Amino acid sequence: MSIVKFRSKAAAEIIMLGEHADMLLKIIGKERGERGVIQPQDLSEAHAKLVAAVNRDKMSRSHENEVDPHDLTPREREVQHNHVTLEQRAYPLLKMLEEAQKMDVDVHWGF
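With UniProt numbering applied, the sequence shown corresponds to residues 1 to 111, in that order.
Below you can see the structure in the form of structure tokens.
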């Protein structure tokens, strides 16, 4: 299990499991690699891609709310209760991207 750290002069460091970082980086069109950077001119596009993905995820999950919890097994209810949404997963990085945009600085990641 790997750990990825996102850093920017604009915000506090974010530490994330590699698989979760990979998912978010893929959404914004980046690959993890050993190190990487989102330059100031790319921050707006990266932010917009994450927001769009979060909105798509919310729309697809809206149908899940139509399921009666009594129709689920105890395990399915537990999984549903403990599920971390894309919005929750992406929130720290979204905020870092926003702050980096305000200060016109890079966002870096690495191990």
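Built from N, CA and C at the ideal position, the CB exists for glycine as well. Nothing here was measured: the structure is a model prediction, and the numbers come from that model.
Could you tell me the distance, in whole angstroms, from the CA atom of Phe111 to the CA atom of Val54?
25 Å
Among the candidates Arg7, Ile15, Ala11, whose CA atom is the shortest distance from the CA of Met1?
Ile15
Taking just the CA atoms, how far does Pro74 sit from Val67?
14 Å
If Ala100 sits next to Ser44, beta carbons under 8 Å apart, how far is it from one beta carbon to the other, in whole angstroms?
About 10 Å separates the two Cβ atoms, so there is no contact after all.
Considering just the uninterrupted stretch of the beta strand (DSSP E) at Ala12, what are its terminal residues?
Run containing Ala12: 11-17, per the beta strand (DSSP E) assignment.
Given His47, which residues of its chain have a CB within under 6 Å of its CB, disregarding the five upstream and five downstream residues?
Answer for His47: Leu97, listed in chain order.
Would you mind working out which of Leu50, Ala52, Phe6, Met23 sits nearest Val37, comparing C-alpha positions?
Phe6
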